[in-house]
Structure formats: structure tokens, C-alpha cells
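Chemist: For reference, the structure I am asking about is given below.
Printed below as a string of C-alpha cells:
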């Protein structure tokens, strides 16, 4: 596998699977043009190091993949402040809820049962935090899709 | 974030908006990607090839550029040209950019 193929494989890794092959063929055509131009400027076939340098100038694979990808951001930049605020309120709510629900249990626990109660509370808190994060993110992802076409978002 | 990082980020943000303008202007004459890159660089607009090529495809998707893939010097190249819609957008953006520049000059007291 030559440097070009390795580079394209790395770019392909970061592309969305549903349109990977279509995007990759466009990127390969552009990359070939870029490499041919580098070759034309040097006046001879490029050495391996020169190919690497030309590929480096084309951009790092994840950045190139992002530039070609039609994917929209999950949460729009315009909604980010609200998203972060809602997420922190949700996280705080989960932690407070666990504290309020767990304190009486913990206080009434018998000798040697405190550890088990702490582990159970920790487990519930982690589950609650994951649920809060997922649901808030899904709601904002939905809002981003709905309002994407509005210039203020 | 250091002062230099802040400046770099702001410079990047400022450039991003004007790059489309520069690309639409450079491709009023039909060119292939590398040729356009040279034209932009010679005019003082430095842009990575990995940023220009996807921008050309995006602008083509928006109907602001049109492309034709054909052989030149025995090599297959994609030639781009700004469409009439692209020229209209370029004119509108240029007016907007001039309005902003005037506003800035006034705010800076020149």
C-alpha cells in the first residue's frame, strides 16, 4: 500500500459510512490533482518523502474528512450556551435527587451496610447522569435539526 | 489561552468569512483547483489545498460554481468557474464587505 492509499484509508476512517465511498472518490480525485501539481512543480516523479510532505500540506486526515463531510453538528453552536445550562441543571438535579433519596436509607442502614448503600447510590447516580446526558442531548439534537435553516441558529 | 492563541483564533474567524469571496472572485476565470490555489496565493490569500478543494465542491453544490472534468496536458482535471448566480452573490458579498469596512473605519475614527 503506497502513501496515497494509506492517507485515503485514514481519511475514510473519519467519514460517515453512509456516503463514505462517494466522498472518498471525490477526495481521491482532488488529492491526485494536488499530487500531480506537486510533481509538475518538481519536474520529476515525487520521492516518498515528498509525497508525504504533499499529503501533509493537503491536511491531516480527520480535518480533511470533516471538511468534505456533509454532516451537521449534533448540537448547533447557537444553542450551545442553552444546552450547557440545561445539561448542568439536569446533572445537578440528578445528583441532588440521589442525595435526597439516598440520605435516609444511608442514615437508617445497619452496621456494615453503609458500603453497600454507597455502591448502590453510586450506581443509581451514574445511570441517572447517563440518562440525563442522553435525553438532553437528544432534545437539543432535535432542536438543531428543526431550526437548522434559521440563520440565527 | 495565550494572547497569541486568541489573536490566531480571531484572525482565522475574520479570514473564514472572506475566503468564499476570494474563491468566487478567483474562479470567475475557469481554473482547476491547483491553478486557483496559485492565483489565490499570488493575490495574498493563503489557503491550504485540503481546505480549498472541499470548498470548491461545497460552492458547486450551492450552485455558485460549476465544474467540468476533462483532460489537460494528458491529465484529468476538474475545472471550476463561478456561475452567474455565484457572480451575483460575489457582488452582494463585496458590497456587504465594503459596508462593514466603512463602518469599521468610522468606528476607528479614520
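Protein chains in written order, with this note's numbering: chain A, 18 to 170; chain B, 210 to 319. All C-beta atoms in this analysis are idealised placements derived from N, C-alpha and C, irrespective of residue type, glycine included. The structure presented is a predicted model; accordingly, all values stated were derived computationally and were not measured.
Is there a Cβ of chain A sitting closer than 8 Å to that of residue 257 of chain B, yes or no?
Modeler: Closer than 8 Å to some Cβ of chain A, the Cβ of residue 257 of chain B qualifies, so yes.
Chemist: Should residue 140 of chain A be labelled buried (16 or more other beta-carbon atoms within 10 Å of its own) or exposed?
Modeler: Burial call: exposed.
Chemist: Name the two residues that bound the continuous beta strand (DSSP E) containing residue 291 of chain B.
Modeler: Per DSSP, residue 291 of chain B belongs to the beta strand (DSSP E) from 284-291.
Chemist: Tell me, which residues are paired with residue 276 of chain B by DSSP?
Modeler: According to DSSP, which records beta bridges pairwise, residue 276 of chain B is partnered with B:289.
Chemist: For residue 77 of chain A and residue 67 of chain A, I'd like the C-alpha separation in whole angstroms.
Modeler: Looking at the two C-alpha atoms, the distance is approximately 16 Å.
Chemist: Within its chain, find whatever has a CB closer than 6 Å to the CB of residue 79 of chain A; leave out the 5 residues flanking it on each side and keep chain order.
Modeler: Contacts found: 31.
Chemist: By a C-beta neighbour count over all protein chains shown, 10 Å radius and 16 as the cutoff for buried, is residue 7 of chain A buried or exposed?
Modeler: Because residue 7 of chain A is not part of the residues shown, which for chain A are 18 to 170, the question remains open.
Chemist: Is the Cβ of residue 80 of chain A closer than 8 Å to any Cβ of chain B?
Modeler: Yes - at least one Cβ of chain B is within 8 Å of the one on residue 80 of chain A.
Chemist: In whole angstroms, give me the CA-to-CA distance for residue 26 of chain A and residue 65 of chain A.
Modeler: Going by the C-alpha atoms only, they are around 17 Å apart.
Chemist: Examine chain B for any beta-carbon lying closer than 8 Å to the beta-carbon of residue 46 of chain A, and answer yes or no.
Modeler: Yes, contact with chain B.
Chemist: For the candidate residues B:233, B:318 and B:317, whose alpha-carbon lies nearest to that of residue 272 of chain B?
Modeler: Residue 272 of chain B has its Cα closest to that of B:233, out of B:233, B:318 and B:317.
Chemist: Decide if the segment 105-112 of chain A is in contact with the segment 277-288 of chain B; the criterion is three or more beta carbon pairs, one per stretch, under 8 Å apart.
Modeler: No: fewer than three Cβ pairs fall under 8 Å.
Chemist: Would you kindly work out how many angstroms separate the C-alpha atoms of residue 163 of chain A and residue 148 of chain A, rounded to a whole number?
Modeler: Cα to Cα, the separation comes out at about 22 Å.
Chemist: Would you call residue 277 of chain B buried or exposed, if buried means 16 or more other Cβ atoms sit within 10 Å of its Cβ?
Modeler: Burial call: exposed.
Chemist: Going by DSSP in three states, residue 30 of chain A sits in which element: helix, strand or coil?
Modeler: Of the three classes helix, strand and coil, the one that applies to residue 30 of chain A here is helix, per DSSP.
Chemist: Please classify residue 117 of chain A as buried or exposed, where buried requires at least 16 neighbouring CB atoms within 10 angstroms.
Modeler: Burial call: exposed.
Chemist: Taking only the alpha-carbon atoms, compute the straight-line gap between residue 198 of chain A and residue 69 of chain A and give it to the nearest angstrom.
Modeler: With chain A running from 18 to 170 in the structure shown, residue 198 of chain A is simply not present.
Chemist: Beta carbons nearer than 9 Å to chain A: which residues of the segment 284-295 of chain B have them?
Modeler: Answer in chain order: 284, 285, 286 and 287.
Chemist: For residue 131 of chain A, count neighbouring Cβ atoms within 10 angstroms of its own Cβ and tell me buried if that reaches 16, exposed if not.
Modeler: Residue 131 of chain A comes out exposed.
Chemist: On the criterion of 16 or more Cβ atoms from any shown chain inside 10 Å, does residue 47 of chain A qualify as buried, or is it exposed?
Modeler: With 16 or more other Cβ atoms within 10 Å, it is buried.
Chemist: Thinking residue 86 of chain A and residue 33 of chain A are a contact (beta carbons under 8 Å), I'd like their distance in whole angstroms, please.
Modeler: So it is a contact: roughly 6 Å between Cβ atoms.
Chemist: Can you name, in chain order, every residue of its own chain whose Cβ lies under 6 Å from the Cβ of residue 302 of chain B, other than the five neighbours on each side?
Modeler: Once the five neighbours on either side are set aside, the close Cβ partners of residue 302 of chain B are 230.
Chemist: Closer than 8 Å, CB to CB, is residue 241 of chain B near chain A or not?
Modeler: Yes - at least one Cβ of chain A is within 8 Å of the one on residue 241 of chain B.
Chemist: Taking only three categories from DSSP, how would you classify residue 241 of chain B?
Modeler: Strand at residue 241 of chain B.
Chemist: Report yes or no: is there a C-beta of chain B within less than 8 Å of the C-beta of residue 85 of chain A?
Modeler: So yes, residue 85 of chain A belongs to the interface.
Chemist: Would you kindly work out how many angstroms separate the C-alpha atoms of residue 226 of chain B and residue 19 of chain A, rounded to a whole number?
Modeler: Cα to Cα, residue 226 of chain B sits roughly 37 Å from residue 19 of chain A.
Chemist: Given that a residue counts as buried once 16 or more other Cβ atoms are within 10 Å of its Cβ, and exposed if not, what is residue 60 of chain A?
Modeler: Result: exposed.
Chemist: Less than 8 Å between C-beta atoms, sequence neighbours within five positions excluded: which residues of the same chain meet that for residue 241 of chain B?
Modeler: 281, 286, 287, 288 and 289, listed in sequence order.
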